[in-house]
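Okay, so the sequence shown: first residue is 9 according to our numbering, each after it adds one.
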Amino acid sequence: FLALKIAKVNWQTKLNKAAHHTSDYSSREAILRRGQAFSITLNLKSTAQAGENFTFIASTGPSPSESQQTKAIFNLSEEDASGWSATQEPSEPGCMNFTIVSPANAVIGRYKLKLQTVSGNKVSATPLGHFVLLFNPWCPNDDVYMANEKERREYVLNDSGIIFQGLEKCIEQEAWDYGQFEEGILDISLAILDRSLNHRQDPAADVSSRSSPVYVSRVVSAMVNSNDEKGVVEGKWSGKYGSGTNPLEWSGSVPILRQWYRRRYKPVRYGQCWVFAGVMCTVLRSLGIPTRVITNFNSAHDRNINLSIDKYIDASGKTLHLSEDSVWNFHVWNESWFIRRDLGSFYDGWQVLDATPQERSKGIYQCGPASTRAIKEGDVNLDYDSSFVFAAVNADYVTWIHYSKKRKERIYSDTRKIGKLISTKAVGTNSRVDVTANYKYPEGSPKERRVYKKALKLLGVRSTGNRNKIRRRRRPNRTQPAQKPSISGKLILDAPPVMGQDVLLTLALKNLISDFKTIKVKLRASAILYTRKPKAEILQLSRSVKLGSEEEKEVPFKISYAQYKDSMKEDRKILVTALCETKQGASLLVEKDIVLQNPFLTIQVLGAAVVHEAVNVEVTFTNPLSEAVTDCVLRAEGSGLLKEQLRISVARMDPLESSTVQFEIIPYKSGTRQLQVDLVCIHFSDIKGFVMVDVAPA
């Protein structure tokens, strides 16, 4: 028997990629999914004898070993205990065709494949090359198996999407380019796993654990933020973003991941929650784990997990930072789809993961996977971090007036319902789907109250008096609940609030009893982040309002453009509060969040879009301000349409002037693509738009 001489190894890349749903990856490498057969052809220099003594060796990681499932040695025609197998197929003379199958629970990552031949007592091993093995949502035996093809196309193969932001009453669609198939992104995703703390502590054990989506997704949730191990994105929620990029300016994950990789793993500045979630969605989809992005409106950040968020204001209505707790206008996290061997099949399905560094979990800023079933059933003791997510969608919001260290009064405020309109992009379209019912039973139902009590008990929070509220959720030693005031109030916008124009509001007050009363109203407006953290004071007013028996009155006021313009250059959010006090009886706090609307930006593709053919795009946009602006930049990006971000400078725009810009794109992938356009200017926050482009094959 002669040692096998191989002229060429043909990895049948096109054929295998089509069968394994990996044709979209830009790499020429063999990218395969586990639990599924692939073909390989050897072109020989010398003819081979009958192939009984062929042995294949597949190995991954820095120190492959059979005991850790990072190395498999398997002979032709017999399935090895490791679950790997190879069979020889009919072939032309001078060729050998093999079909190789990996097990559905194989470790994912980059593998080496060798062929070992034995001739007498001579053993020779020939390297056949590398391949990448990914999770396989198409394989019924894989932990990430997803039965529905439309869902697989959305949650694994769609490389663009929508992230919902804004306010519960004013939801905005923001386009995000995931770009998981773009050049280098899969390699960067694998590098993320290799940079983790677990890998540095014990590389062999870390690689061996990469067969589990529970393990891999948790590692990614720690690595997408920079807090512990020089991960990908550095968060920033205050001050200026001069030493980096304002989080609002990102439109996709590809530039972020490439910058991290090219600059030798230096965290990219800066991100906020949707950036962390967008990047994590890219990494998990590229590794083959079905993943989506979720927005929770009125999201609680409950530091001590006692299911109560305390907000303190002073006697003038100004927000005080006396508590670490907060309620964000919205918070964005991810859900990934897999089974939970560690918890039991009841908890299979969507799992919450959150890469935003809010709290440590087992000493590291990571969160999840927490089963949505566990959150809905109040099983807050289950791995991982289900109590933190339960609080985010269920805590109580309690407001206090803080007069002094010794004296504070619990004040009545139209309780913000926490965890509203939990949203994600629909399968196959850009519309919004409400998934709140996956997280909780209907508000106020007996089932919901039962779950709530169970969670309090598991968290060791005592529930005390206050029978008149449906839900009794208190800390130990809480003072009495807020007295219900004898007045009601509401802040109403007189017209949609538009960037560059005055904001007109009305405070509508009503006396609920027959006594005459004088109300002291303290109005405030502040520029805020989406976390509702004040950045700058915009306006302070005091008014005295006299109300007769059961009388209603309207107090009009305005926030002028001149008052807010300097604080609205990076963002468009304002919090208005009205503290209403009477001589006798309880005080009332009325709050309203406002997002200033930007003028629309319109995008038109002028002609049919075809792969490798140039097509023009026309963008029309308007300066929202009644003053001239200079030094604006129009940016365009989109996976499959533009390989790198396109930047066009817009020298000057007169007050309220509309401008039109044309540019050319040469699509390089067919299918429905998302083109995003963004007008960036130092004088106002980004004006963004997107259009879906159907690209025909060449």
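Note that the Cβ used here is the ideal one computed from N, Cα and C, for glycine as well. Every value quoted in this text rests on a predicted model; they were computed, and no experiment measured them.
Tell me which same chain residues have a C-beta within less than 7 Å of the C-beta of residue i, skipping the five on either side of it?
{"i": "Glu176", "result": "Phe305, Asn306, Lys428, Leu429"}
{"i": "Ala706", "result": "Val618, Val619, His620"}
{"i": "Gly187", "result": "Asp167, Ile193, Gly260, Ser261, Val262, Thr290, Ser647"}
{"i": "Gln733", "result": "With the chain covering 9 to 706 only, the question about residue 733 has no answer from this structure."}
{"i": "Tyr320", "result": "Leu328, Leu330, Ser331, Trp408, His410"}
{"i": "Gly252", "result": "Arg277, Tyr278"}
Between the options, which lies nearest to residue i when the distance is taken from Cα to Cα?
{"i": "Ile81", "options": "Pro542, Ile108, Val685, Asn235", "result": "Ile108"}
{"i": "Ile582", "options": "Thr539, Lys591, Gly615", "result": "Thr539"}
{"i": "Leu499", "options": "Pro275, Cys588, Ser246, Asn337", "result": "Cys588"}
{"i": "Pro298", "options": "Glu157, Val441, Ser110", "result": "Glu157"}
{"i": "Ile48", "options": "Tyr447, Lys651, Phe139, Val584", "result": "Phe139"}
{"i": "Ala378", "options": "Gly371, Thr668, Gly386", "result": "Gly386"}
{"i": "Tyr223", "options": "Lys530, Ile116, Glu558, Val511", "result": "Ile116"}
{"i": "Arg418", "options": "Ile409, Ile426, Phe172", "result": "Ile409"}
{"i": "Ile179", "options": "Gln280, Gln605, Ala570, Glu343", "result": "Gln605"}
{"i": "Val701", "options": "Leu649, Val406, Ser666, Lys16", "result": "Leu649"}
{"i": "Val627", "options": "Glu545, Arg681, Ser31, Phe671", "result": "Phe671"}
{"i": "Asn402", "options": "Ala212, Lys413, Ile317", "result": "Ile317"}
{"i": "Arg36", "options": "Met154, Arg160, Val152, Glu190", "result": "Glu190"}
Please report the straight-line C-alpha distance between residue i and residue j, rounded to a whole angstrom.
{"i": "Val506", "j": "Arg643", "result": "23 Å"}
{"i": "Ile14", "j": "Pro70", "result": "27 Å"}
{"i": "Asp322", "j": "Gln592", "result": "19 Å"}
{"i": "Arg42", "j": "Gly91", "result": "11 Å"}
{"i": "Ala400", "j": "Val340", "result": "11 Å"}
{"i": "Leu683", "j": "Asp185", "result": "9 Å"}
{"i": "Ser225", "j": "Leu361", "result": "7 Å"}
{"i": "Arg440", "j": "Ser693", "result": "24 Å"}
{"i": "Ile602", "j": "Gly174", "result": "9 Å"}
{"i": "Arg486", "j": "Ser431", "result": "Bear in mind that the predicted position of Arg486 carries a pLDDT of just 48, short of 50, making it unreliable; the figure below should be weighed with that in mind. When rounded, the distance between both Cα atoms is 33 Å."}
{"i": "His691", "j": "Lys577", "result": "5 Å"}
{"i": "Leu664", "j": "Arg381", "result": "51 Å"}
{"i": "Lys573", "j": "Glu635", "result": "11 Å"}
{"i": "Glu60", "j": "Asn83", "result": "Because the pLDDT at Glu60 is just 49, under 50, the model does not fix this residue reliably, and the value given afterwards should be weighed accordingly. In a straight line, the C-alpha of Glu60 is about 8 Å away from that of Asn83."}
{"i": "Ile611", "j": "Ser666", "result": "13 Å"}
{"i": "Val699", "j": "Asn233", "result": "30 Å"}
{"i": "Thr63", "j": "Gly376", "result": "41 Å"}
{"i": "Val397", "j": "Ser353", "result": "20 Å"}
{"i": "Asn631", "j": "Ile695", "result": "10 Å"}
{"i": "Gly137", "j": "Lys122", "result": "7 Å"}
{"i": "Trp146", "j": "Lys425", "result": "39 Å"}
{"i": "Pro489", "j": "Val406", "result": "9 Å"}
{"i": "Arg482", "j": "Thr680", "result": "With a pLDDT of 43 at Arg482, under the threshold of 50, the modelled position of this residue cannot be trusted; read the value that follows with caution. Near 50 Å, if we compare the C-alpha coordinates of Thr680 and Arg482."}
Using 8 Å for Cβ pairs, my map puts residue i next to residue j. What's the rounded Cβ distance?
{"i": "Val287", "j": "Gly169", "result": "Val287 to Gly169, Cβ: 13 Å. No contact."}
{"i": "Glu237", "j": "Leu205", "result": "5 Å"}
{"i": "Val563", "j": "Val529", "result": "7 Å"}
{"i": "Tyr119", "j": "Ser67", "result": "7 Å"}
{"i": "Leu614", "j": "Val623", "result": "7 Å"}
{"i": "Ala616", "j": "Thr638", "result": "No, Ala616 and Thr638 are not in contact; Cβ-Cβ is about 36 Å, not under 8 Å."}
Considering just the uninterrupted stretch of the alpha helix (DSSP H) at residue i, what are its terminal residues?
{"i": "Lys416", "result": "No alpha helix (DSSP H) contains Lys416, which is instead part of the beta strand (DSSP E) from 416-421."}
{"i": "Gln571", "result": "569-572"}
{"i": "Thr68", "result": "Thr68 -> not in any alpha helix (DSSP H); beta strand (DSSP E) instead, spanning 62-68."}
{"i": "Ile264", "result": "262-270"}
{"i": "Ala38", "result": "No alpha helix (DSSP H) contains Ala38, which is instead part of the beta strand (DSSP E) from 38-41."}
{"i": "Pro221", "result": "221-231"}
{"i": "Arg208", "result": "205-209"}
{"i": "Pro454", "result": "454-467"}
{"i": "Gly286", "result": "281-295"}
By the DSSP assignment, the beta strand (DSSP E) with residue i in it spans what residues?
{"i": "Arg300", "result": "299-309"}
{"i": "Val406", "result": "404-410"}
{"i": "Tyr320", "result": "316-321"}
{"i": "Met661", "result": "650-661"}
{"i": "Glu343", "result": "334-346"}
{"i": "Ala704", "result": "692-704"}
{"i": "Arg580", "result": "It is not in any beta strand (DSSP E) - Arg580 carries neither H nor E in the DSSP assignment."}
{"i": "Phe46", "result": "45-52"}
{"i": "Ile710", "result": "Residue 710 lies beyond the stretch modelled for the chain, which goes from 9 to 706, so this question has no answer here."}
Leaving out five residues on either side along the sequence, give the residues of the same chain with a beta carbon under 6 Å from the beta carbon of residue i.
{"i": "Arg311", "result": "Glu332, Asp333"}
{"i": "Lys477", "result": "Confidence at Lys477 is low in this model, with a pLDDT of 33, below 50, so the placement of that residue should be treated as unreliable; the coordinate-derived value is given next. Hits under 6 Å: none found."}
{"i": "Thr30", "result": "Ile39"}
{"i": "Asp356", "result": "Ile347, Arg348"}
Please work out which residues of its chain come closer than 8 Å, Cβ to Cβ, to residue i, disregarding the five sequence neighbours upstream and downstream, and give them in chain order.
{"i": "Val100", "result": "Just to set this straight, residue 100 is Glu in the shown sequence, not Val. Hits under 8 Å: none found."}
{"i": "Tyr676", "result": "Val619, His620, Gly648, Leu649, Lys651"}
{"i": "Leu52", "result": "Leu12, Lys13, Ile14, Ala15, Gly102, Cys103, Met104"}
Can you find a C-beta in chain B that's less than 8 Å from the C-beta of residue i?
{"i": "Asn306", "result": "Among the protein chains of the structure shown there is no chain B, as only one such chain exists."}
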